[in-house]
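Trainee: First to last, the protein sequences are chains A and B.
Straight run, no breaks: the first sequence in my numbering ends on number 197.
Straight run, no breaks: the second sequence in my numbering ends on number 238.
Even for Gly, the Cβ is constructed at its ideal location relative to N, Cα and C.
Can you read through this structure? Questions will come right after.
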Amino acid sequence: RKEVEQDPGPFNVPEGATVAFNCTYSNSASQSFFWYRQDCRKEPKLLMSVYSSGNEDGRFTAQLNRASQYISLLIRDSKLSDSATYLCAQAGTALIFGKGTTLSVSS
Amino acid sequence: EAGVAQSPRYKIIEKRQSVAFWCNPISGHATLYWYQQILGQGPKLLIQFQNNGVVDDSQLPKDRFSAERLKGVDSTLKIQPAKLEDSAVYLCASSLIPNNEQFFGPGTRLTVL
Numbered sequence: 091r092k093e094v095e096q097d098p099g100p101f102n103v104p105e106g107a108t109v110a111f112n113c114t115y116s117n118s119a120s121q122s123f124f125w126y127r128q129d130c131r132k133e134p135k136l137l138m139s140v141y142s143s144g145n146e147d148g149r150f151t152a153q154l155n156r157a158s159q160y161i162s163l164l165i166r167d168s169k170l171s172d173s174a175t176y177l178c179a180q181a182g183t184a185l186i187f188g189k190g191t192t193l194s195v196s197s
Numbered sequence: 126e127a128g129v130a131q132s133p134r135y136k137i138i139e140k141r142q143s144v145a146f147w148c149n150p151i152s153g154h155a156t157l158y159w160y161q162q163i164l165g166q167g168p169k170l171l172i173q174f175q176n177n178g179v180v181d182d183s184q185l186p187k188d189r190f191s192a193e194r195l196k197g198v199d200s201t202l203k204i205q206p207a208k209l210e211d212s213a214v215y216l217c218a219s220s221l222i223p224n225n226e227q228f229f230g231p232g233t234r235l236t237v238l
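Printed below as a string of structure tokens:
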């Protein structure tokens, strides 16, 4: 089964910082990618979908680099409430999830 | 719009016992998934249904796990007999289109003693 790799972190940043996570994938045929946010002891919640080169939603920007087979998530002006684990997922015959990257935003 | 419902939320059993989990997907979502999430890992797909048919169960330990979605709506996942390593959160998700945006239920946290 194709793998999805993420840096587990934790990423510790102050409020207002910009932080970026990368996620590498091995299935070059995949057309769709997703970023999920998961709070402690909660279910994953869909944050962004990426179908072409990228997507932007407020402070969050996702970029897809097909040549290097990675997707990134950029968070600008970090808030305390952004503290969570961020999971990336690649769609193929099924969704393959990475292990997640933990972000901790401090005041 | 109601989300994905799951029950129970928590379950503690002893090894070799049986347990069953229930899921009700978002209305109109034909595709239903069961995932296992072990602490510190991402969700791992166990089984995927399209309506009441199985699309992918390649990672389901079929000697002890079974799942059904008889009427194409609700689904149950059963473990019999449970092992210590089955301790995990069991997440149900649904989507309108297969392998597109998936929405998760709150999960069932299983502890096997």
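By Cβ distance below 8 Å, which residues in the same chain neighbour residue 206 of chain B in space, the five residues on each side in sequence not counted?
Mentor: The residue labelled residue 206 of chain B in the question sits at position 81 within the second sequence. Only 140, 141, 142, 143 and 189 meet the Cβ criterion.
Trainee: How about residue 107 of chain B and residue 201 of chain B: do their beta carbons lie closer than 8 Å?
Mentor: What the structure shows of chain B is the stretch from 126 to 238, and residue 107 of chain B is not part of that stretch, so it cannot be assessed.
Trainee: Could you pull out every residue in the same chain whose Cβ sits closer than 6 Å to the Cβ of residue 93 of chain A, ignoring the five residues on either side in sequence?
Mentor: Taking the first sequence and counting its residues from 1, the one referred to as residue 93 of chain A is at position 3. Counting only Cβ-Cβ distances below 6 Å, and skipping sequence neighbours, we find 116.
Trainee: Measuring CA to CA, which of B:222, B:127, B:230 and B:215 is closest to residue 175 of chain B?
Mentor: The count along the second sequence starts at 1 and reaches residue 175 of chain B at position 50. Looking at the Cα atoms, B:222 is the closest of the given residues.
Trainee: Indicate the three-state DSSP secondary structure (helix, strand or coil) for residue 69 of chain B in the structure shown.
Mentor: Within the shown structure, residues of chain B are numbered from 126 to 238, placing residue 69 of chain B beyond reach of any answer.
Trainee: Using C-beta distances below 6 Å, list every residue in its chain close to residue 203 of chain B, excluding the 5 sequence neighbours before and after it, in chain order.
Mentor: Translated into positions along the second sequence, residue 203 of chain B becomes position 78. Around residue 203 of chain B: 145 and 191.
Trainee: I'd like to know whether the C-beta of residue 124 of chain A is nearer than 8 Å to at least one C-beta of chain B.
Mentor: Within the first sequence, numbered from 1, the residue matching residue 124 of chain A stands at position 34. Yes, residue 124 of chain A lies at the interface with chain B (some Cβ there is under 8 Å from its Cβ).
Trainee: My understanding is that residue 216 of chain B touches residue 197 of chain B, with C-beta atoms under 8 Å, so please give their C-beta distance in whole angstroms.
Mentor: The count along the second sequence starts at 1 and reaches residue 216 of chain B at position 91. The count along the second sequence starts at 1 and reaches residue 197 of chain B at position 72. 20 Å between Cβ atoms; not a contact.
Trainee: By the three-class DSSP mapping on this structure, what secondary structure does residue 118 of chain A have?
Mentor: In the first sequence, counting from the first residue as 1, residue 118 of chain A sits at position 28. Reduced to three states, the DSSP call for residue 118 of chain A is coil.
Trainee: Against chain A, with Cβ distances strictly below 8 Å, would residue 227 of chain B count as a contact?
Mentor: Translated into positions along the second sequence, residue 227 of chain B becomes position 102. For residue 227 of chain B, the answer is yes, since a Cβ of chain A falls inside 8 Å of its Cβ.
Trainee: At least one CB of chain B closer than 8 Å to the CB of residue 101 of chain A: is that the case?
Mentor: Taking the first sequence and counting its residues from 1, the one referred to as residue 101 of chain A is at position 11. No, no contact with chain B.
Trainee: With a threshold of 8 Å between beta-carbons, can residue 189 of chain A be considered close to chain B, or not?
Mentor: As a working note, residue 189 of chain A is residue 99 in the first sequence. Yes, contact with chain B.
Trainee: Rounded to the nearest angstrom, what separates residue 166 of chain B and residue 106 of chain A at their Cα positions?
Mentor: Sequence index remark: in the second sequence, residue 166 of chain B carries index 41 (1-based). Sequence index remark: in the first sequence, residue 106 of chain A carries index 16 (1-based). Counting only the Cα atoms, residue 106 of chain A lies some 28 Å from residue 166 of chain B.
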